[in-house]
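K.L.:
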Amino acid sequence: MNRLSSSVPVDEYLADSSVLVYLSDAVTQLLEHKEEYTQFGVVRYFAEYFSSVKNSNHVLFREYSYIRATLHNRASFIRVFWRCYRQIGKSGDMLSMLEYRSLLQLLCPDFPVEVVQSAARIVLMDDAIDCLMSFPDFLYAFQLQFYYQEFLDSVLAIYQDLLAGKSPNTVIVPTSTSIELLHSVTAEENEKAGQQQDGVESSTLAECVEALCDRFKHCHPSRSCMKEVFNQTEKVCYFSFLMSLAKHETINETIGLIYTAFNP
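Numbering-wise, UniProt numbering puts 55 at position 55 of the sequence shown, and it's gapless, one number per residue.
(1) According to DSSP, what are the bridge partners of E201?
(2) Where P136 and I122 are concerned, what is the direct C-alpha to C-alpha distance, given to the nearest angstrom?
(3) Going by DSSP, name the residue or residues bridged to S52.
(4) For K235, which option in E201, L124 and N252 has the closest C-alpha, if you only look at C-alpha atoms?
(5) Assign T250 to one of two classes, buried (16 or more other C-beta atoms within 10 Å of its C-beta) or exposed (fewer than that).
(6) Taking contact to mean 3 or more Cβ pairs, one atom from each stretch, closer than 8 Å, check whether the stretch 199–219 and the stretch 235–248 are in contact.
(7) According to the Cβ coordinates, are C131 and L124 closer than 8 Å?
(8) Check for me: the alpha helix (DSSP H) holding Q39 runs from which residue to which?
(9) State the Cα-Cα distance for the pair Q195 and K166, rounded to the nearest angstrom.
(10) Roughly how many whole angstroms lie between the Cα atoms of K217 and A211?
(11) From this set, R215, P168 and Q117, which residue's C-alpha is nearest F151's C-alpha?
(12) What residues in its chain sit with their C-beta under 8 Å from that of H72, if we drop five residues either side in the sequence?
(13) At the level of alpha carbons, what is the spacing between S118 and Y147?
(14) Would you mind working out which of F77, L205 and L156 sits nearest I255, comparing C-alpha positions?
(15) I'd like to know if the stretch 98–110 and the stretch 57–71 are in contact, where contact means that at least 3 CB-CB pairs between them fall below 8 Å.
(16) Mind checking whether M94 and S134 have CB atoms under 8 Å apart?
(17) What is the DSSP secondary structure of I251, counted as helix, strand or coil?
(18) Among residues of its own chain, excluding the 5 on either side of D25, which ones have a beta-carbon nearer than 7 Å to its beta-carbon?
(19) How big is the Cα-Cα spacing for F241 and Q232?
(20) Go ahead and label L20 buried or exposed: buried means 16 or more other beta carbons lie within 10 angstroms of its beta carbon, across all protein chains shown.
(21) Could you say which of Q145, M243, H248 and A246 lies nearest to R74 if we only look at CA atoms?
(22) Does the Cβ of H248 have 16 or more other Cβ atoms within 10 Å, making it buried, or fewer, making it exposed?
(23) Looking at the structure shown, is S18 part of a helix, part of a strand, or coil, going by DSSP?
(24) Are the beta-carbon atoms of C208 and I129 separated by less than 8 Å?
Here it is in structure tokens:
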């Protein structure tokens, strides 16, 4: 969370730091548990609340709408997920998408299955989402999907339009949910496996993604990292693009999970 600076307008600072989100939640929690919290003092309550936010200890067992409300919350939840279940990665166990969903719902009871399915598709790159996945593979895909969800939804819509042969100038932002588009992309790629098995032109998708970044400000993966992935091949598929980003050390460090955590 950024520190207040005289060079940053107040409104911009409040928006970037999400202070109002946390202040609103703190007041709501105080009112809902007034008898429990007021006996320790309101000042102490607010101090402990914001201390827990700063230390990323504030998202456990909270509702999904809260853990996704800010990028800090998302990164905090990813770290909680890793800390709670990292032994699975060390033991080398392989789990199914439904098993990973169950693990996530132990930490957030209303965590939606659609987000887990989207992460599984990044790992498996096809419709066989009932296959087993290693914990490291799932975690890297999950954190990318969860942290940058809105941006990836838009990239997916652009990719789908380009795959359908539309001009880059006519691509649109998503009008459907992420999972519906993922089903559509997978079906279309399988149907056109002979002619378009290599995806779309990397340079064309890169231009569209570059323009998209301007709209999302800081809520997107590093431009240089995405450019690096695009420069690796002449054509790129959506899922392979995301998997390359998911395994990119710089992106993982940005979110907060070090890539070498499973690669000592």
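The beta-carbon is built from N, C-alpha and C at its ideal position, and this holds for glycine as well.
If you're wondering where the values come from, they're calculated on a predicted model, not measured in any experiment.
P.N.:
With the given structure in hand:
(1) K235
(2) 13 Å
(3) DSSP lists no partner for S52.
(4) E201
(5) exposed
(6) Using a C-beta cut-off of 8 Å, the stretch 199–219 makes contact with the stretch 235–248, since at least three inter-stretch Cβ pairs fall below that distance.
(7) yes
(8) Segment: none, Q39 is in no alpha helix (DSSP H) and carries neither H nor E.
(9) For Q195, the predicted structure reports a pLDDT of 42, less than 50, and the residue's modelled location is therefore unreliable. A value from the coordinates is still provided. Answer to the nearest angstrom: the Cα atoms are 16 Å apart.
(10) 11 Å
(11) R215
(12) The residues are M1, S18, V53 and S56.
(13) 12 Å
(14) F77
(15) yes
(16) A contact, by the Cβ cut-off of 8 Å.
(17) helix
(18) Y66
(19) 10 Å
(20) exposed
(21) Q145
(22) H248 counts as buried, since at least 16 other C-beta atoms from the protein chains shown sit within 10 angstroms of its C-beta.
(23) Three-state DSSP puts S18 in coil, outside helix and strand.
(24) no
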